[in-house]
Amino acid sequence: MFMIMMGTVVIAGIVGYLSEKTGFTHNGYLQSIIICIGGAFLFYFVRIMFGISFGPPGLDAVLSSIGALIIVPTHWRK
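Numbering-wise, the numbering used here comes out as the position in the sequence shown, counting from 1, plus 1259.
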């Protein structure tokens, strides 16, 4: 379980970086990475507690990171 958690953090960080690099968000690199990691952690713990999952842990990390970027409103967005 510890390796899955570490992989979730790494994947979420990569998704946050790529979302800024491609122009999907305009939050700033650090802010997007923090939002993605927060969303991925939240879904990781929901997966452990309730067994809700979209598939493998990597897919869960990507989808929850993108979902967090879409849901979290920030004043930096244009």
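All C-beta atoms in this analysis are idealised placements derived from N, C-alpha and C, irrespective of residue type, glycine included.
Fair warning: this is a prediction, and the values are worked out from it, not measured in the lab.
Counting C-beta pairs with one atom in each stretch, the stretch 1310 to 1318 and the stretch 1273 to 1289 have fewer than three that are closer than 8 Å, which means they do not touch. Between Gly1326 and Gly1287 a beta carbon distance of about 19 Å is seen, past the 8 Å cut, so the two are scored as non-contacting. Shown here, Val1331 sits in coil according to DSSP, grouped into three states, outside any helix or strand. The alpha-carbon of Ile1294 is positioned some 21 Å away from that of Met1262.
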